[in-house]
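Asker:
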Amino acid sequence: MNPLNQVEGRAIPLGLKNCDTDVIIPAHWLKTVSREGLGKGAFETLRTDPDNLFDSAEFQGSPILIGGDNFGCGSSREHAAWAIGDLGIRVVIAPSYSDIFSGNAVKNGILPLVLPQEAVDRLMEVAQTDPISVDLEAQTVTTPFQDRFRFEIDPFRKMCLLGGLDEISITEQSDAAIAAHEEKISSNQPWMIPAAQ
Amino acid sequence: MTKARTLYEKIWDAHVVEQRPDGTCLIFIDRHLVHEVTSPQAFAGLRAAGRKVRRPDLTLAVPDHNVPTTARRDAAGNKLPITDAESAAQLAALAKNAPDFGIRYIEETALEQGIVHVVGPEQGFSLPGATIVCGDSHTACHGGIGALAFGIGTSEVEHVLATQTLLLQPAKTMEVRVEGEVGPAVSAKDIILHITGVIGAAGGTGHVIEYTGSAIRSLSIEGRLTISNMAIEGGARAGLIAPDDVTFAYLKDRPYAPKGDDWDAAVAYWKSLATDAGATYDKTVIINAADIAPSVTWGTSPEDVVPITGMVPDPASFADPSKQIAAAKSLEYMGLTPGTKLSDVEVQNIFIGSCTNSRIEDMRAAAAILKGRKKADNVKWAIVVPGSGLVKAQAEAEGLDKIFIDAGLEWREPGCSACLAMNPDKVPAGERCASTSNRNFVGRQGPGARTHLVSPAMAAAAAVTGKLTDVRELMA
Ligand code: SF4
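If you're matching them up, the sequences are chains A and B in order.
So for the first sequence, my numbering puts the first residue at -8; every next one is plus one.
So for the second sequence, my numbering puts the first residue at 12; every next one is plus one.
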């Protein structure tokens, strides 16, 4: 995973409230056995409109996407995070996310940045014409117009994103604790383990 | 004295392997369900890193999302090939990955095959008090038997396969209490549609919802699974219904359920899980069961619910300006005008199935309405897709398949089918479908498809009249 710290560039001002994962990547794109190449299908239904933001010359290669409340709701498909990442987006900014989407985003090196609605509205305005800067270490979002918004992030997520860390290797360090839990279940609740069939 | 705890807190506490300084916990996962769509990349990741599956014995794989619902064997009993190359590749990947990693696998032609969330409880693989995950958001379904069950993404699937744990933040708790008795023809589906309308599609975000109250207690397990299935439509991480004697009776003697002394020990433990008197939830919503009518969605968010006796709302009637915009967009997509009576809306397609409504009771409820009736001529496509091979066999033993076929509906093989249109079952663009599934999102049932979420009895009623219909009118 690529480490993420400072991201600067144009932000796609999508805004859309309750933008679900079917909108981010329609189900027919899920028929893949690989993680790559999903950017082509990202926001496909919105992109049938010839004037859509994603295909406009202005927002090509934008590293930031601004969404609305409850971004990434609906289906748990991680393909949504892969598709957004494949578009080159490293940061999504929205007032709130579905829990599943924000977890998936972090695991794929994308920062699901939360700011209050007023701040998001202001950034939507700036994004029409100017770039936005995100600094994960400092936990700030700034614009060329002296706007400066501080955001909160769970320290563990921050560490994973900054270091580009793989969660499985972190968890493997807890092997002894996992084994102890397994031992406790087999002796106290043996019925919890399904019989071999 | 120990602190009074909710059902959620008891299950959570029993699964904490380790707590990090920031409050994140490493949680042990008791059951992992795997299907073909969200697992190939996880298995590929394991292979690339040279990792094994830590607990194949706690893992069960079954294909469901893109298996065709047409016949799977020819007259001679040979397996029929799957024509869609990409679907075939995903199915082949699971059929290889499961045995390669030593995981139990129910193949698509087995009698036990079905939608993963129907199969788990039906096989007794899903148990009360267990933590259950699957790479599918409707894993919340298993909360209907009192399991803490939630959907995960593919990286998490890989994480669980490798470590049998997940790193999670504790959720907040929300109680949705439905008190009293529902009116005639009001099913579990109507209850959960109504709840979603009341709390909104983001109402449960960050929370685990426990459904309580007399209207929930009096539901069968099938009904409880329907309720918990759609916890995610209210934005919640998971749904929960406390296990009770109804749950125990449902699970007893299921293939993977505990047997003999183990069973007694399990039941004793399950009984201890109910929320303690005096425990508090972060949020409580109280609903009067008598207020719930047979319900239907008009828009493209599951919160867009009205009683079937209602009208398509005017976007201007919503207080929230962003909801006004969303509602206007929904109506445009749905091809509806404000003020139209829902019961005047014609439908061309009927889908009875999905992990929300494909269990035996759902089949019975639809058949009760269709018995001795025919589908309307304007209904071009009407399919009934049982949730598993066992549901299918049971329905056929009861003669329900004949009722459906005589009424002009198609009786299919089990799978997800038109719920998400990954297999050939799709609703054509611009056409409407009365669907018993759980999502009415744009394009969910096929590009341009217009979905109205309803109960099985309501879908059957729509099949008969060719319009969204108050099922109570057909029950006189
Ligand atoms: S039936 Fe629909 S909601 Fe249920 S698991 Fe299948 S696709 Fe998901």
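Don't be surprised by glycine CBs; every beta carbon is placed ideally from N, CA and C.
What you are looking at is a predicted structure, and each value in this text was computed from that prediction instead of being measured.
(1) Taking the alpha-carbon of residue 428 (chain B) as reference, which of B:282, B:287, B:337 and B:363 has the nearest alpha-carbon?
(2) Find the nearest neighbour of residue 192 (chain B) within the set B:408, B:434 and B:224, judged by alpha-carbon distance.
(3) Got a sec: which bits of the region 455 to 471 of chain B sit with their beta carbon under 7 angstroms from any beta carbon on chain A, in order along the chain?
(4) Under the DSSP definition of a beta bridge, which residues are partnered with residue 306 (chain B)?
(5) So is residue 174 (chain A) in contact with chain B if we call contact Cβ pairs under 7 angstroms?
(6) Just to confirm, are residue 15 (chain B) and residue 287 (chain B) a CB contact at a threshold of 7 angstroms?
(7) Residue 85 (chain A) lies in the beta strand (DSSP E); which residues open and close that run?
(8) Starting from the beta carbon of residue 443 (chain B), find every residue of chain A whose beta carbon is closer than 7 angstroms, and list them in chain order.
(9) Does the Cβ-Cβ distance between residue 18 (chain B) and residue 18 (chain A) come in under 7 angstroms?
(10) In the structure shown, what three-state DSSP assignment does residue 82 (chain B) receive?
(11) Nearer than 6 angstroms: is that true of the beta carbon of residue 145 (chain B) relative to any heavy atom of the ligand SF4?
(12) I need the DSSP call for residue 152 (chain B), collapsed to helix, strand or coil.
(13) Please state whether DSSP places residue 355 (chain B) in a helix, a strand or coil.
(14) Would you say residue 38 (chain A) reaches chain B, if we count a Cβ-Cβ gap shorter than 7 angstroms as a contact?
(15) So, under 8 angstroms CB-CB, residue 253 (chain B) and residue 285 (chain B) are touching, yes? Tell me the CB distance rounded to an integer number of Å.
(16) Check whether the Cβ of residue 50 (chain B) lies closer than 6 angstroms to any heavy atom of the ligand SF4, and answer yes or no.
(17) Look up residue 0 (chain A) in the DSSP assignment and say whether it is helix, strand or coil.
(18) Pick helix, strand or coil for residue 209 (chain A), following the three-state DSSP scheme.
(19) Quick one, are the C-beta atoms of residue 242 (chain B) and residue 151 (chain B) less than 7 angstroms apart?
(20) Note down, in chain order, each residue of its chain lying with its Cβ closer than 6 angstroms to the Cβ of residue 128 (chain B), except the 5 sequence neighbours on either side.
(21) What does DSSP give as the partner residue(s) for residue 294 (chain B) in the beta ladder?
(22) Where residue -6 (chain A) and residue 313 (chain B) are concerned, what is the direct C-alpha to C-alpha distance, given to the nearest angstrom?
(23) Measuring only from the beta carbon, is residue 44 (chain B) closer than 6 angstroms to any heavy atom that is part of the ligand SF4?
(24) So which residues of chain A does residue 175 (chain B) contact, with C-beta pairs closer than 8 angstroms?
(25) In the structure shown, what three-state DSSP assignment does residue 142 (chain B) receive?
(26) Quick one: grab the DSSP three-state call for residue 267 (chain B).
(27) Indicate whether at least one CB of chain B lies closer than 7 angstroms to the CB of residue 17 (chain A).
(28) Is it buried or exposed, residue 75 (chain B), if we count other Cβ atoms within 10 angstroms and call 16 or more buried?
(29) Do you know offhand how far residue 140 (chain B)'s Cα is from residue 123 (chain A)'s?
(30) Using the Cβ count rule (16 or more neighbours within 10 Å means buried), how would you classify residue 101 (chain B)?
(31) Relative to the ligand SF4, is the shortest distance from any of its heavy atoms to the C-beta of residue 431 (chain B) smaller than 6 angstroms?
(32) Is residue 67 (chain A) near the ligand SF4, in the sense that its beta carbon is under 6 angstroms from a heavy atom of that ligand?
(33) Quick one, are the C-beta atoms of residue 170 (chain B) and residue 159 (chain A) less than 7 angstroms apart?
(34) For residue 54 (chain B), count neighbouring C-beta atoms within 10 Å of its own C-beta (all shown protein chains included) and say buried if the count is 16 or more, exposed if not.
(35) Hey, does residue 194 (chain B) have any beta-carbon neighbour from chain A nearer than 7 angstroms?
(36) Can you find a CB in chain B that lies within less than 7 angstroms of the CB of residue 24 (chain A)?
Answerer: On the basis of the data shown:
(1) Residue mapping note: residue 428 (chain B) aligns to position 417 of the second sequence, counting from 1. Residue 428 (chain B) has its Cα closest to that of B:363, out of B:282, B:287, B:337 and B:363.
(2) Position 181 of the second sequence holds residue 192 (chain B). Ranking B:408, B:434 and B:224 by CA distance to the CA of residue 192 (chain B) puts B:224 first.
(3) Going along the region 455 to 471 of chain B in chain order, one finds 455 with a Cβ nearer than 7 angstroms to chain A.
(4) Walking along the second sequence from the start, residue 306 (chain B) turns up at place 295. In the DSSP output, where bridge partners are listed per residue, residue 306 (chain B) has B:318.
(5) As a working mapping, residue 174 (chain A) is identified with position 183 in the first sequence. No, because no Cβ of chain B sits closer than 7 angstroms to the Cβ of residue 174 (chain A).
(6) In the second sequence, residue 15 (chain B) corresponds to position 4, counting from 1. In the second sequence, residue 287 (chain B) corresponds to position 276, counting from 1. In this structure, residue 287 (chain B) lies closer than 7 angstroms to residue 15 (chain B) by Cβ.
(7) Against the first sequence, residue 85 (chain A) aligns to sequence position 94. For residue 85 (chain A), the enclosing beta strand (DSSP E) starts and ends at 82 to 85.
(8) On the second sequence, residue 443 (chain B) is found 432 positions in, with the first residue counted as 1. Below the 7 angstroms Cβ cutoff, chain A contributes no neighbours of residue 443 (chain B), its closest Cβ being approximately 18 angstroms away.
(9) As a first step, residue 18 (chain B) is located in the second sequence; it is residue number 7 there, counting from the start. As a first step, residue 18 (chain A) is located in the first sequence; it is residue number 27 there, counting from the start. Taking 7 angstroms as the Cβ cut-off, residue 18 (chain B) and residue 18 (chain A) do not qualify as a contacting pair.
(10) Position 71 of the second sequence holds residue 82 (chain B). Residue 82 (chain B): coil per DSSP, three-state reduction.
(11) The residue labelled residue 145 (chain B) in the question sits at position 134 within the second sequence. Result no, Cβ not under 6 angstroms from the ligand SF4.
(12) In the second sequence, the residue the question calls residue 152 (chain B) occupies position 141. Correct three-state label for residue 152 (chain B): helix.
(13) As a working note, residue 355 (chain B) is residue 344 in the second sequence. Helix.
(14) As a working note, residue 38 (chain A) is residue 47 in the first sequence. Taking CB atoms only, residue 38 (chain A) has no neighbour in chain B less than 7 angstroms away.
(15) The count along the second sequence starts at 1 and reaches residue 253 (chain B) at position 242. The count along the second sequence starts at 1 and reaches residue 285 (chain B) at position 274. Under the criterion of beta carbons closer than 8 angstroms, residue 253 (chain B) and residue 285 (chain B) qualify as touching, at roughly 5 angstroms.
(16) If you number the second sequence from 1, residue 50 (chain B) lands on position 39. Not one heavy atom of the ligand SF4 sits closer than 6 angstroms to the Cβ of residue 50 (chain B).
(17) The residue given as residue 0 (chain A) occupies position 9 in the first sequence. Strand.
(18) Outside the displayed range of chain A (-8 to 188) lies residue 209 (chain A), so it cannot be described from this structure.
(19) Your numbering for residue 242 (chain B) matches position 231 in the second sequence. Your numbering for residue 151 (chain B) matches position 140 in the second sequence. Inclusion of residue 242 (chain B) and residue 151 (chain B) in the CB contact set at 7 angstroms is warranted, their separation being smaller than that value.
(20) Residue numbering aside, residue 128 (chain B) sits at position 117 when the second sequence is read from its first letter. Within its own chain, the residues whose Cβ lies closer than 6 angstroms to the Cβ of residue 128 (chain B), once the five positions on either side in sequence are excluded, are 149, 152 and 366, listed in chain order.
(21) Along the second sequence, one-based indexing puts residue 294 (chain B) at 283. Answer is B:185, bridged to residue 294 (chain B).
(22) Residue mapping note: residue -6 (chain A) aligns to position 3 of the first sequence, counting from 1. Residue mapping note: residue 313 (chain B) aligns to position 302 of the second sequence, counting from 1. C-alpha separation (whole angstroms): 37 angstroms.
(23) Translated into positions along the second sequence, residue 44 (chain B) becomes position 33. No; taking the cut-off as 6 angstroms, the Cβ of residue 44 (chain B) has no heavy atom of the ligand SF4 nearer than that.
(24) Here residue 175 (chain B) corresponds to residue number 164 of the second sequence, with the count starting at 1. Chain A residues near residue 175 (chain B): 169 and 173.
(25) The count along the second sequence starts at 1 and reaches residue 142 (chain B) at position 131. In the structure shown, residue 142 (chain B) sits in a strand (DSSP, three-state: E or B).
(26) As a working mapping, residue 267 (chain B) is identified with position 256 in the second sequence. Three-state DSSP puts residue 267 (chain B) in coil, outside helix and strand.
(27) For the purposes of this step, residue 17 (chain A) is identified with residue 26 of the first sequence, where counting begins at 1. Cβ-Cβ to chain B under 7 angstroms: yes for residue 17 (chain A).
(28) Counted from its first residue, the second sequence places residue 75 (chain B) at position 64. Answer is buried; the Cβ neighbour count reaches 16.
(29) Stepping through the second sequence from its first residue, residue 140 (chain B) is reached at position 129. Stepping through the first sequence from its first residue, residue 123 (chain A) is reached at position 132. If I take the Cα positions, the gap works out to 47 angstroms.
(30) Along the second sequence, one-based indexing puts residue 101 (chain B) at 90. Per the 10 Å Cβ criterion, buried.
(31) To locate residue 431 (chain B), count along the second sequence from 1; it is residue 420. Indeed, a heavy atom of the ligand SF4 lies less than 6 angstroms from the Cβ.
(32) Within the first sequence, numbered from 1, the residue matching residue 67 (chain A) stands at position 76. Relative to the ligand SF4, even the nearest heavy atom lies 6 angstroms or more away from the CB of residue 67 (chain A).
(33) Here residue 170 (chain B) refers to the residue found at position 159 of the second sequence. Here residue 159 (chain A) refers to the residue found at position 168 of the first sequence. Against a cut-off of 7 angstroms, the Cβ pair of residue 159 (chain A) and residue 170 (chain B) comes out as a contact.
(34) Here residue 54 (chain B) refers to the residue found at position 43 of the second sequence. With at least 16 other beta carbons inside 10 angstroms of its own, residue 54 (chain B) counts as buried.
(35) The sequence position of residue 194 (chain B) within the second sequence is 183, counting from 1. Interface residue (Cβ-Cβ distance to chain A less than 7 angstroms): residue 194 (chain B) is not classified as such.
(36) Within the first sequence, the letter at position 33 stands for residue 24 (chain A). True, the Cβ-Cβ gap to chain B drops below 7 angstroms.
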